[in-house]
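Numbering (this note's numbering), first residue to last: 1 to 531. No residue lacks a Cβ here, since even glycine has one placed at the ideal position from N, Cα and C. Note sheet for the following structure.
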Amino acid sequence: MTTIADAEGALGIPPGEETAKPTLADFRPPSVPLTTLGLALASFMQVLDTTIANVSLATISGNLGGSANQATWVITSFAVSTAIALPLTGWLARRFGERKLFMWSTLGFVFASFLCGLAHSMGLLVMARALQGLLAGPMYPVTQALLLSIYPPAKRGHAIALLAMVTVVAPIAGPILGGWITDNYSWEWIFFINIPIGIFASTVVGSQLKGRPEKLEKPKMDYVGLTALVFGVGALQILLDLGNDEDWFSSHLIVILAIVAVVGLAVFVIWELTDDDPIVDLRLFRHRNFAYGTLAMVLAYGAFFSVGILVPLWLQYDLGYTAIWAGFATAPIGLLPILLTPFIGKYANRFDLRMLASFAFIAMSLTSFLRSAFNLDVDFSHVAWVQFLQGLGVALFFMPVLQILLSDLEQHEISAGSGLMTFLRTLGGSFSASLTTYAWTSRGAIHHAQLTEHVSKLDPAAMQQVAAYGGGDLQHGAAVVEMMISNQASQISFNEIFHLLGILFLVVIAFVWLAKPPFGAKGSGPPGGGH
């Protein structure tokens, strides 16, 4: 009589041992390139939608009968919802699994985009954008976790470099693509184009990752932490978006939002650090590389975001560019990241990643210092050339810093860590956008006052020169001089900010060097590099 032990022995299985179940580390989809394409398209779509509607706000508000202030909520509602959803990625991934979370959030994003295109009032559009932002939150972090999991440790640099390129190129392409679609078709299509892309990405990734091993849990719902997160982050994001328009703390609304944000975030941090099963795992900062890498990422991305905000505004307000031409002038920043991504993914791990990041920040610092010497006579080619040069720094920035901050996380912590980092990076971008526009405006006002001191009605020579600017008409000449002074004051403020940004990029280098190698996936050994 043949026993189970005899059968196991005949198959080469030691008696008493079961066949080992496939692990996540062993799983590979049938087609890694096809899976990568699906993940990359979903991430590109999601990041693109953070900026694609920006240049279409005037058209949207005109068509839907809304005011300019109401139109800004098309941007604000998306940003607030995304900021709230981002830190929840880890909890959602533990509860439902990364594959299902990706599919559901991507298809939900498509549905919300469809609702945005169908909206026939500003209120409905804002609600649809809020839903879209809520579903967009987990998409980038879970995409990053899935992408890293399908590559062996030695090739994960390729995956990170690809995501870095998407992070850089999509926000640049957004305003250009949005403006072109709005001018040539209608604003609804900036949302409808998501439908085929999202369905394709979800279908491909869902089928390719079918059977992927996942360890599901049933974490309890942390209602206190969730409530504190919604109120704290929501109030902070609205405060940052509306601060400049409401003149900051001279507005009762801003004061109330600040109080809610401080109380909500304080409760959130204390609760999450002391709760046994927090909805957002702040204990991830116990990992040295994650802590210092995230700090470097937030500061550097905030400075980079300031560049992306200030240069187009300056081109339009001070140099008279249209929105489309401002987009063309700034677009060269994405060329080198696209061209260099394959090489960075392949060869970056042969170098100390801290050296690559340092070189990136030096390049971004130098281009900031170049802009600090700009004047109102700078031509298109010079602006575009400096943007192109900054692309070298951008190409070498995201991949090394991302790999450093993820290097000491366990595999099951990557979704949570990526979500937390992306959340903080998003807040850093919001802070930098508000602070940059405020500093540009306020410093411009100060310089305007200083420059007008040199034009006195009691000075006959000055009045004669003013009249000359107006062809002999003193009133017309005064209007011309006022415009000249305003532009010069704005330019001086622009130069000051970029001088400060140049210094900030250099400061970030110190935080990168506080991280310790190796910088490969945890437990993967030498291939991660960093030596």
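How would you call alanine 479, buried or exposed, if buried means at least 16 neighbouring beta carbons within 10 angstroms?
So alanine 479 counts as exposed.
Beta-carbon within less than 8 Å of arginine 288's beta-carbon, same chain only, minus the 5 sequence neighbours each way: which residues are those?
Asp408, Leu514, Ala515 and Lys516.
Just the C-alpha distance for alanine 161 and phenylalanine 398, rounded to the nearest angstrom, thanks.
Taking the straight line from one Cα to the other gives about 7 Å.
On a Cα-Cα basis, can you pick out the residue from Gln411, Leu356 and Phe374 that is closest to glutamine 488?
Glutamine 488 has its Cα closest to that of Phe374, out of Gln411, Leu356 and Phe374.
Output needed for glutamine 316: all residues of its chain with C-beta closer than 8 Å, excluding positions within five of it in sequence on either side, in chain order.
Around glutamine 316: Thr322, Ala323 and Ala326.
Could you give the DSSP three-state label for valine 378: helix, strand or coil?
Note: valine 378 maps to coil in three-state DSSP.
Can you tell me the Cα-Cα spacing of threonine 182 and phenylalanine 191, whole angstroms?
Those two C-alpha atoms are separated by around 11 Å.
If I follow the unbroken alpha helix (DSSP H) through alanine 94, where does it start and stop?
The sequence as given places arginine at residue 94; alanine does not occur at that position. Arginine 94 -> alpha helix (DSSP H) spans 89-96.
Assign aspartate 49 to one of two classes, buried (16 or more other C-beta atoms within 10 Å of its C-beta) or exposed (fewer than that).
Result: buried.
Report yes or no: do the segment 134-154 and the segment 105-119 share at least 3 C-beta pairs separated by less than 8 Å?
Yes, since at least three Cβ pairs between the segment 134-154 and the segment 105-119 fall closer than 8 Å, the two stretches touch.
Taking all protein chains shown into account, do 16 or more other C-beta atoms lie within 10 angstroms of the C-beta of histidine 447, making it buried, or fewer, making it exposed?
Answer is buried; the Cβ neighbour count reaches 16.
Just the C-alpha distance for lysine 346 and leucine 57, rounded to the nearest angstrom, thanks.
Each residue's alpha carbon lies about 41 Å from the other.
Note down the Cα distance separating threonine 227 from valine 263, rounded to an integer number of angstroms.
Whole-angstrom Cα-Cα distance: 12 Å.
Please state whether DSSP places alanine 515 in a helix, a strand or coil.
Residue state, collapsed to three classes: coil.
With H, G and I counted as helix, E and B as strand and the rest as coil, what does DSSP make of arginine 212?
Coil, per DSSP.
What is the DSSP secondary structure of glycine 137, reduced to helix, strand or coil?
DSSP places glycine 137 in coil when its eight states are reduced to three.
Measuring alpha carbon to alpha carbon, tell me which residue in Gly62, Lys220 and Met483 is nearest histidine 120.
Among Gly62, Lys220 and Met483, the Cα nearest to that of histidine 120 is on Gly62.
Going by DSSP, what residue range makes up the alpha helix (DSSP H) through glutamine 316?
Per DSSP, glutamine 316 belongs to the alpha helix (DSSP H) from 288-317.
Is the segment 139-150 in contact with the segment 326-339, if contact means three or more CB pairs nearer than 8 Å?
No: the two stretches stay apart, fewer than three of their Cβ pairs being nearer than 8 Å.
In the structure shown, what three-state DSSP assignment does valine 507 receive?
DSSP places valine 507 in helix when its eight states are reduced to three.
By alpha-carbon positions, which one of Ala439, Val508 and Val512 ends up nearest to isoleucine 492?
When only C-alpha atoms are compared, the closest one is Ala439.
Look up lysine 155 in the DSSP assignment and say whether it is helix, strand or coil.
If DSSP states are grouped into helix, strand and coil, lysine 155 belongs with the helices.
Alpha carbon to alpha carbon, how far is glycine 530 from threonine 294?
Because the pLDDT at glycine 530 is just 37, under 50, the model does not fix this residue reliably, and the value given afterwards should be weighed accordingly. In a straight line, the C-alpha of glycine 530 is about 17 Å away from that of threonine 294.
Excluding five sequence neighbours on each side, which residues of the same chain lie with their C-beta closer than 7 Å to the C-beta of tryptophan 271?
Contacts found: Val224, Gly225 and Ala228.
For the alpha helix (DSSP H) that contains lysine 346, what are its first and last residues?
Taken as a continuous stretch (DSSP letters only), the alpha helix (DSSP H) holding lysine 346 covers 335-347.
Just the C-alpha distance for phenylalanine 285 and glycine 429, rounded to the nearest angstrom, thanks.
Phenylalanine 285 and glycine 429: Cα-Cα distance of roughly 20 Å.
Taking methionine 221 as part of the alpha helix (DSSP H), name the residues at either end of that continuous run.
From DSSP, methionine 221 is part of no alpha helix (DSSP H); its letter is neither H nor E.
To the nearest angstrom, report how far apart valine 512 and glycine 123 are at their CA atoms.
If I take the Cα positions, the gap works out to 44 Å.
Can you tell me whether arginine 283 is buried or exposed? The criterion is at least 16 other CB atoms within 10 Å of its CB, across all chains shown.
With fewer than 16 other Cβ atoms within 10 Å, it is exposed.
If you drop the 5 nearest sequence neighbours on each side, which residues of the same chain put their C-beta closer than 7 Å to that of threonine 3?
Caution applies to threonine 3, whose pLDDT of 49 falls short of 50 and renders its modelled position unreliable; the model cannot decide the point.
Are the CB atoms of alanine 300 and phenylalanine 361 nearer to each other than 9 Å?
Yes, the pair counts as a contact, with Cβ atoms nearer than the cut-off.
Could you check the C-alpha separation between proline 518 and methionine 355 for me, to the nearest Å?
Taking the straight line from one Cα to the other gives about 13 Å.
Cβ atoms of leucine 163 and alanine 40: under 9 Å apart, would you say?
Contact flag set, yes.
Taking the alpha carbon of leucine 209 as the point to measure from, which residue in Pro342, Pro29, Gln411 and Pro171 has its own alpha carbon closest?
With distances taken between Cα atoms, leucine 209 lies closest to Pro29.
Look at the Cβ atom of alanine 93, then the Cβ atom of serine 306, and state whether they are nearer than 9 Å.
In this structure, serine 306 does not lie closer than 9 Å to alanine 93 by Cβ.
Thinking C-alpha only, which one of Phe505, Ser442 and Val508 is nearest serine 490?
Serine 490 has its Cα closest to that of Ser442, out of Phe505, Ser442 and Val508.
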